[in-house]
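*Asks:*
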Amino acid sequence: PLTFPSVDGSYYRFKWQLLGGEATALPEQQTLVVDPSALVRNLEATMQELRLLLHLFQLNGRQLTLLRKVDRHKEYFRDDFRAILQEHWQSDSFRALRFYAQPDRDREKVNLTQGTVIESIVTQAEKAMKGEPYTDLFLTAPTGAGKSLLFQIPALYLARHHQSITIVVSPLKALMYDQVTALQERGVQEVAFINSDISLQEREDTLHRIHQGEISIVYLSPELLLAHPITHFVGERPLGLLVVDEAHLVTTWGRDFRVDYWYLGHYLRKLRSHATTRFPIVALTATAAYGGAQDLVFDTVSSLNMRIAKLFIGNVRRDEIVFDIEAFDYEDNHEQAKLKQTKTRVEAYLSAGTKTIVYYPWTNQIVKTFELLEPAARRKTGKYYGSVSQTERKRVADSFKAGELRAILATKAFGMGIDIQDIEVIYHHAPSGNLADYVQEVGRVARDPGLKGITKVDFHPKDLKFTRILNALSAIRQYQVRLMLQKLAATYQLKDTANLEVSVEDFTYLFPKADIDQKVKSALLLLEKDLETRFGYPVLLVRPRALSSIAYARIAPEGEAEFMDLFGEFAEKVAEPSAPKAPRKLAVPAGYNIKPIMKQKAGGGGAIYQLRLDKIWETHFREESFPIAQKKFFEKKLFGELNEHVLPQLQLSVRLPRDRAEVQAELDGYFKHLEAALVSFGPQTYFTRPQLEQALVESIPDDSLRRRVTDLMVTLYAGMPQSFGQQRGRRRQQPEVDTFLQLKRYAGGEPSMRFDDRAYRKVQESLAKKWTQLFPKDDDRVYTGYVTTDPAKNMRTLKLAYLLETFQMGSYELAGGKHARIFVRVNDPEALISLANSEYENTVIKENQQRQAMALDLMEYFFTTEMEDSARWDFIEDYFLGRDPTHGALDARDGEDEAAAEDAEAEELDEETAFGVYSS
């Protein structure tokens, strides 16, 4: 029979023959086996295609039989796997795991041993090696189910029987280190990891051992894999298996989204486009929803460009866990009341000797709770969150496992890679994510057979505000993506080439207090995805590059000769020292000696050199990794005693398309329009971004330009109020330096702001001075200079550059930064420029926001609705199997009626097409 979708392409060849009018391609009888994943992922399109096929066969008097594929897993695995288990895990039997038999149909489960799953993985790898059709594998299994063993034994078997390599892509360096160390302690010597922390010499030694066949299991970070061709790691050896651990990080709507995980999909598709590169992908995660509004399984399969995947959807139900959910009431301050309640609960659990994890959304809530605890309670309690040192985290985890500590106050950072069997209670100060996050955290309780676990929450609907704020803080905004789109269009028009390289530093002003590398890559990815969905083809292709090897530094005269003696082979002078500034004359009161108080350096500083940082690293700092050497350079820690004479710089180029005077007049005009709009609100009136845009309608009638002006002004010149001094006994507030729009403290929703006219005058004055510095003469149109890498010190210069480009009065480029550069291929310049000049809104961002809002509604329903424990587990199972766990209770939401109609159609079509069953 033919299969749909097709692994070997046979169905698609059959379909194109029919569409091409080849009547002979239509057999008298044809059986078509439909994979259930096609019905879950895209029901409407699948049923439309099947209906068309049925009609075609009926018109021609032929018979088409539709069978629904059902995987019947036979409990079988080869003895070699048990031998590896005995050799390295000292066990004679594999653990039994429970999976959903037909997750698209019901909650029925089957027991499969780890050995059976291992057999399935190895079988697909061997099919790929033989040139036969093969599938990828996607597996979910709860925390503590032994997921790592499911790919580690196949990796060892494939290495010993086929001399192939397994690459394991892992998101966390600590997790990578722990897994490699654990394998080595079990006597597995053919395993290693490569990440940005190891030195060049260590990396070269590891690669040599891989190429020589001494190492066959390689743990890599996603960014490192993306930076090199696969042959860099495997040499001439075959790649037998590629494992993506913690695969849920690939989904763009998750708050834990890792952009390099998403780029893996492109990398793997390109890698497997070569006929000689054949290997299955195995993607694993603890919990993932199978279809439905919160789908993660098929989103991940699609993002990783996996072939038709064999799915193992693990059981999420844990009837040994009891839900203890109480409504929480409070008076006065919600946050203070929550802290006191959590303190009371923790001390009660400690008094009873109950081993407890307390999960929090925010780090400062952990610190405050710990401070509230009685001294005796503190001695039995540990803190675990991201900014705690690795050494301290390990001490806390080990002490908790040994029973020396009885409670851990933690963010979600505690759990991944932690194996503790006897936890009795999980208490949530407040939920910190969606239902999948909650279930994963709850799943860390009562892993010991026979142990009953409790998950306790004192819940008030206001508790969800912490998650809302976290979502808002991590979200990429529409205006940020719009400004990035405009930057790409401007860069294309300036360079007139489809292949662009942009610097992460070009977008510093959009993400001033964030992980800018992750934010910029993510925003560009959202652009790429949205434009491909809109147009049906990739308008943009975005790919991260390796870290930049070119850097710039100002070298002081007193250290110049020594620096050039040591590193001159890789340094080229690109600018002479600027003329020193005259020292400022300071008014000094009589009798004061100013010398001990202030040492004033003359301006100028030294010549600018372009450095080949990669060559300096290879020649002089091989004992460190390049990312660490580069980081030290930008932190002024790389060159030892010479550090005080070497100041890292960025090269800034600004170009004007017209005469200086014409551009200046146009810029002044925009600021006059802006001032008039701001003054119209009154001095103490708060307003929102949309209201400001509306106030500019008369003076800037062009919709696209008006939105662009609003977006940039709010981005560059809005800030939180800063306290300074005292005035008549009250703290006086002014906006942050170089801002004139004072934001209200964040309370969710659209931020509001008010206008500070005095701050506005200062900003105007500083801009005028900066303009004269960059373009002092009437015929100046190009500026090339060097600025410090500290954005706070060069922000006025950069803001002027941003303004000129956004208003299409100039262009700018930054080079020599510490972040990776990004390659952008513009396949359709007209579409790009058209959207940049429109009121563009990114649909992916809108869908992500809707998913997050829906997830919070579901959480509130779960915690506020009375249910027995069994009903709660039914609710959770329905959620993870892609069904509406509220059974219509939240149908008031837009789009719910449509979803219900789709479910009804699915049942009708299922009867109409009369699927048989095909067992495999």
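By the working numbering, the letter at position 691 of the sequence shown is numbered 896, and the numbering carries on one by one without gaps.
Backbone N, C-alpha and C fix where the C-beta goes; we use that ideal spot for every residue, glycine too.
Between F484, K543, Y472, which lies nearest to K335 when the distance is taken from Cα to Cα?
*Replies:* Here residue 335 corresponds to residue number 130 of the sequence shown, with the count starting at 1. The candidate whose alpha carbon is nearest that of K335 is F484.
*Asks:* Considering only the alpha carbon of each residue, which of E706, T713, A776, L745 lies closest to S753?
*Replies:* Mapped onto the sequence shown, residue 753 falls at position 548. Measuring from the Cα of S753, the nearest candidate turns out to be E706.
*Asks:* Just to confirm the assignment: which complete alpha helix (DSSP H) runs, minimum length 4, are found wholly within the segment 563-650?
*Replies:* 568-577, 580-583, 595-607, 640-647
*Asks:* By the three-class DSSP mapping on this structure, what secondary structure does F826 have?
*Replies:* On the sequence shown, residue 826 is found 621 positions in, with the first residue counted as 1. Correct three-state label for F826: coil.
*Asks:* Can you tell me which of S478, H413, T547, A387 puts its alpha carbon nearest to the alpha carbon of D624?
*Replies:* Position 419 of the sequence shown holds residue 624. Comparing Cα-Cα distances from D624 to each of S478, H413, T547, A387, the minimum goes to A387.
*Asks:* Within the chosen definition, does the segment 498-511 reach the segment 337-351 through at least 3 CB pairs nearer than 8 Å?
*Replies:* yes
*Asks:* From G591, I486, Q406, A776, pick the residue whose C-alpha is nearest to that of S507; which is it?
*Replies:* What you label residue 507 is simply residue 302 of the sequence shown in a count that begins at 1. Nearest option by C-alpha distance: I486.
*Asks:* Which of helix, strand or coil does DSSP assign to A756?
*Replies:* By one-based count along the sequence shown, residue 756 stands at place 551. A756 falls in the strand class under three-state DSSP.
*Asks:* Which one of K841, A498, L699, L377 has the shortest CA to CA distance from G591?
*Replies:* Reading the sequence shown from its first residue, position 386 is the one you call residue 591. Out of K841, A498, L699, L377, L377 has the C-alpha closest to the C-alpha of G591.
*Asks:* Between which residues of its own chain and I681 is the CB-CB distance below 8 Å, once the five residues before and five after are set aside?
*Replies:* The residue given as residue 681 occupies position 476 in the sequence shown. Same-chain partners within the cutoff: K724, S727, A728, L731, I1050.
*Asks:* Nearest CA to the CA of I571: which residue from T586, Q969, D1074, F772?
*Replies:* As a first step, residue 571 is located in the sequence shown; it is residue number 366 there, counting from the start. The option with the nearest alpha carbon to I571 is T586.
*Asks:* Would you call K1023 buried or exposed, if buried means 16 or more other Cβ atoms sit within 10 Å of its Cβ?
*Replies:* The count along the sequence shown starts at 1 and reaches residue 1023 at position 818. Per the 10 Å Cβ criterion, buried.
*Asks:* Taking DSSP's pairing of strands, which residues face F1028 in a bridge?
*Replies:* Residue numbering aside, residue 1028 sits at position 823 when the sequence shown is read from its first letter. By DSSP's assignment, F1028 forms a beta bridge with E706, R748.
*Asks:* By DSSP, does Q805 sit in helix, in strand, or in coil?
*Replies:* Against the sequence shown, residue 805 aligns to sequence position 600. Residue confidence for Q805 is low, a pLDDT of 34 falling below 50, so the modelled location carries little weight; the figure read from the coordinates is stated next. Q805 falls in the coil class under three-state DSSP.
*Asks:* From the DSSP output, in three-state form, read off R817 for me.
*Replies:* Residue 817 sits at position 612 when you count from the first residue of the sequence shown. Here R817 sits in strand by DSSP.
*Asks:* Are the segment 734-742 and the segment 1000-1008 in contact at 8 Å, needing three or more beta carbon pairs?
*Replies:* By the Cβ test, the segment 734-742 is not in contact with the segment 1000-1008, since fewer than three Cβ pairs between them sit closer than 8 Å.
*Asks:* List the DSSP bridge partners of Y362.
*Replies:* Here residue 362 refers to the residue found at position 157 of the sequence shown. Paired residues: none, contrary to the question.
*Asks:* Between the beta-carbon of Y922 and the beta-carbon of Q854, is there less than 8 Å?
*Replies:* Within the sequence shown, residue 922 is the residue found at index 717, counting from 1. Within the sequence shown, residue 854 is the residue found at index 649, counting from 1. Cβ distance not < 8 Å, so Y922 and Q854 don't count as in contact.
*Asks:* Start and end of the alpha helix (DSSP H) containing F262?
*Replies:* As a position in the sequence shown, residue 262 is number 57, starting the count at 1. From DSSP, the alpha helix (DSSP H) with F262 extends over 248-264.
*Asks:* By the three-class DSSP mapping on this structure, what secondary structure does W221 have?
*Replies:* Residue numbering aside, residue 221 sits at position 16 when the sequence shown is read from its first letter. If DSSP states are grouped into helix, strand and coil, W221 belongs with the helices.
*Asks:* How many Å lie between S830 and G845 at the Cα?
*Replies:* Mapped onto the sequence shown, residue 830 falls at position 625. Mapped onto the sequence shown, residue 845 falls at position 640. So the alpha carbons of these two residues sit roughly 17 Å apart.
*Asks:* Going by alpha carbons, who is nearest to T660 out of E1044, I435, Q645, Y632?
*Replies:* Here residue 660 refers to the residue found at position 455 of the sequence shown. Looking from the CA of T660, the closest CA among E1044, I435, Q645, Y632 belongs to Y632.
*Asks:* So which of L675, L248, E292, V315 has the shortest CA-CA distance to K279?
*Replies:* Taking the sequence shown and counting its residues from 1, one reaches residue 279 at position 74. The option with the nearest alpha carbon to K279 is V315.
*Asks:* Please return the same chain residues whose Cβ sits closer than 7 Å to the Cβ of L669, not counting the five positions on each side in sequence.
*Replies:* Translated into positions along the sequence shown, residue 669 becomes position 464. For L669, where only same-chain residues beyond five positions count, the Cβ hits under 7 Å are P636, L1061, M1064, E1065.
*Asks:* May I have the straight-line CA-CA distance separating A350 from R649, to the nearest angstrom?
*Replies:* For this step, residue 350 is matched to residue 145 along the sequence shown. For this step, residue 649 is matched to residue 444 along the sequence shown. Across the structure, A350 and R649 are spaced so that their CA atoms are roughly 11 Å apart.
*Asks:* Taking Cβ positions, are G764 and L847 nearer each other than 8 Å?
*Replies:* If you number the sequence shown from 1, residue 764 lands on position 559. If you number the sequence shown from 1, residue 847 lands on position 642. Closer than 8 Å, so yes.
*Asks:* Taking the alpha-carbon positions, what's the A390 to E292 distance?
*Replies:* Locating residue 390 in the sequence shown gives position 185, where the first residue counts as 1. Locating residue 292 in the sequence shown gives position 87, where the first residue counts as 1. Note on residue identity: the sequence assigns Glu, not Ala, to residue 390. If I take the Cα positions, the gap works out to 12 Å.
*Asks:* So V502 and A493 are supposed to be a Cβ contact under 8 Å. How far apart are they, rounded?
*Replies:* Looking up residue 502 in the sequence shown gives position 297. Looking up residue 493 in the sequence shown gives position 288. Their Cβ separation, rounded to whole angstroms, is 5 Å, which keeps V502 and A493 in contact under 8 Å.
*Asks:* Check each candidate in M1000, A695, V851 and name the one with the smallest Cα separation from A1041.
*Replies:* As a working mapping, residue 1041 is identified with position 836 in the sequence shown. Comparing Cα-Cα distances from A1041 to each of M1000, A695, V851, the minimum goes to A695.
*Asks:* Would you call the segment 858-867 in contact with the segment 1025-1044, where contact means no fewer than 3 C-beta pairs closer than 8 Å?
*Replies:* no
*Asks:* Locate the beta strand (DSSP E) running through Q499, then write down its first and last residues.
*Replies:* Here residue 499 is taken as the residue at index 294 of the sequence shown, counted from 1. From DSSP, Q499 is part of no beta strand (DSSP E); its letter is neither H nor E.
*Asks:* Please name the residue in A532, V385, S369 whose C-alpha comes closest to that of E441.
*Replies:* Working through the sequence shown from its first residue, we reach residue 441 at position 236. Nearest of A532, V385, S369 to E441, Cα basis: S369.
*Asks:* So, helix, strand or coil for E525, using DSSP?
*Replies:* On the sequence shown, residue 525 is found 320 positions in, with the first residue counted as 1. Of the three classes helix, strand and coil, the one that applies to E525 here is coil, per DSSP.
*Asks:* Straight-line CA distance for L614 to A602?
*Replies:* Stepping through the sequence shown from its first residue, residue 614 is reached at position 409. Stepping through the sequence shown from its first residue, residue 602 is reached at position 397. Each residue's alpha carbon lies about 11 Å from the other.
*Asks:* Out of T1091, Y1084, H1092, which one is the CA nearest neighbour of L640?
*Replies:* As a first step, residue 640 must be located in the sequence shown, where it is residue number 435. Here the closest residue by C-alpha is Y1084.
*Asks:* Express the C-alpha separation of A812 and P762 in angstroms, rounding to a whole number.
*Replies:* Taking the sequence shown and counting its residues from 1, the one referred to as residue 762 is at position 557. Taking the sequence shown and counting its residues from 1, the one referred to as residue 812 is at position 607. Whole-angstrom Cα-Cα distance: 8 Å.
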